[in-house]
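Input: a single structure, listed below in structure tokens.
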Amino acid sequence: GDEAAVWADAAYDTHARRARLKAEGKKPRIAFRPNRHHPELPPRLKRYNRLIARRRAQVETTFATLKRRMRLTCIRYVGLMKASGQVLLASIAFNMRRWATIAA
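Residue numbers (UniProt numbering): 1 to 104.
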């Protein structure tokens, strides 16, 4: 896609993935994880992971709500147009519910 940065958790942390993203001109916002050679992350990387976790939490709670409350665990329609419509309607319902909570 045309994303400027890719956000991911530590499960996706590999040198090859980071190099590929940099080669594509994207900023890898992937959390670092300790390994057997470096069992403890330095404080600088721990701070970085916390900053990334805040941003990811905002996005992941939205997807969790869509899956749990809007029952968007699977797409019920065949075809890209109908499937996109289902996701769009669920997103509209999510935003309306959120707006009602904020406005109250």
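Note that beta-carbon positions come from the ideal geometry of N, C-alpha and C, so glycine has one too. Model, not experiment: these values are computed from the prediction.
- Under DSSP, the beta-bridge partners assigned to W7 are R29.
- A straight line joining the alpha-carbon of P42 with that of R97 spans about 41 Å.
- Check the Cα spacing between V59 and each of A4, D2, E3 and A8: the tightest is with A8.
- Three or more Cβ pairs drawn from the region 5-19 and the region 29-48 lie within less than 8 Å of each other, which places the two stretches in contact.
- A23 has its alpha-carbon roughly 12 Å from the corresponding atom of A5.
- DSSP places V59 in the helix class (H, G or I) of the three-state scheme.
- By the Cβ criterion, the region 66-75 is in contact with the region 87-104, since at least three pairs of Cβ atoms, one from each stretch, lie closer than 8 Å.
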